[in-house]
Amino acid sequence: MNTKLTFIIILILVVLAGAGFYIYKDFTSIDRSSTSINNNEERPEGTASISPVTEVKEDPANGKSAAAPDLSKITITSAEIEKIKKLIVINPIYYEAWLELGILLKNAGDYANAAEAWKYAAILRPTEYVPHHNLGDLYRFYVKNYPEAESHWLRSVSIQPDFLQGYTNLSDLYRYSYKEKSSEAPKILLDGLAKNPNNLFLFGYLANYYEEMGDKDNARKYYGDILKIDPKNSTALDALARLSN
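Residues 73 to 317 (my numbering) are what the sequence shown spells out, left to right.
This is the structure:
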């Protein structure tokens, strides 16, 4: 691949990854100066004892009741994990706390309980894409369960259709990992474009995919689509010059 094009694509991915991490941390930042996430509630004073959380919510995925994960099953411990567990005991529907608990457990290598924490966060906030994005990452890169990764990333873009990283995550999953479905790699990018018309990033990702696959006709087509939107786009112009040789 042309060095310049490679650099530009990597730069775009780094920027997106950074944005994704900011959103990820922003959603999981917990303001411990607040006494409650519900201004109408008061948190009990004193030290909370860690015991199973029995809060039950309806899972929107199947309409069935889903109990909160049992915190007593978490055997990995750290000061941060214990702090979050205490917050959850005080307020079992503390969405941000469940998200942060999942991060801490995943980083500690407890993938099963991390998944449970994020799944419950998804039940608490069914219109938030972040838990599903995190689960997709966990299942692809750590658990290596590609159907589960696909399911959660599809859910993330269903909830948040303009979450561009979700489409590229899925495309890469199909291309590099879930190879039984490799033919879906370009299709999910086209789906993203249908929901985000004229998006230069997705057009570039799709054009680059076809170029790397040796499909010059489709590569030229999508680089050409970039020029229809941005006639002076140097990446697309360079790519078309290269593909004409």
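Think of the CB as a built atom: it goes at the ideal place given N, C-alpha and C, for glycine as much as any other residue.
Quick check on residue i: does DSSP put it in helix, strand or coil?
{"i": "A139", "result": "strand"}
{"i": "K206", "result": "The sequence given here places Asn at residue 206; Lys does not occur at that position. Helix, per DSSP."}
{"i": "S228", "result": "helix"}
{"i": "G286", "result": "coil"}
{"i": "N277", "result": "Here residue 277 is Tyr; the residue named in the question, Asn, does not match the sequence. Three-state result, Y277: helix."}
{"i": "E200", "result": "coil"}
{"i": "Y250", "result": "coil"}
{"i": "P219", "result": "helix"}
{"i": "D297", "result": "helix"}
Given this structure, state the Cα-to-Cα distance separating residue i from residue j, to the nearest angstrom.
{"i": "Y201", "j": "S223", "result": "12 Å"}
{"i": "L315", "j": "Y248", "result": "24 Å"}
{"i": "D302", "j": "I260", "result": "23 Å"}
{"i": "L177", "j": "G238", "result": "23 Å"}
{"i": "A184", "j": "S243", "result": "25 Å"}
{"i": "N317", "j": "K288", "result": "11 Å"}
{"i": "T240", "j": "L171", "result": "23 Å"}
{"i": "F99", "j": "I175", "result": "Reliability of the predicted coordinates at F99 is poor, the pLDDT of 38 falling under 50, and the value obtained from them is presented with this limitation in mind. Roughly 11 Å between the two C-alpha positions."}
{"i": "S306", "j": "K267", "result": "25 Å"}
{"i": "R212", "j": "G276", "result": "24 Å"}
{"i": "G264", "j": "P258", "result": "10 Å"}
{"i": "Y246", "j": "K253", "result": "6 Å"}
Between which two residues does the alpha helix (DSSP H) carrying residue i extend?
{"i": "S306", "result": "306–315"}
{"i": "N241", "result": "236–244"}
{"i": "L303", "result": "The displayed chain sequence assigns Pro, not Leu, to residue 303. No alpha helix (DSSP H) contains P303, which DSSP labels as neither H nor E."}
Complete beta strand (DSSP E) runs within the segment 143–189 (minimum length 3 residues, chain order): none
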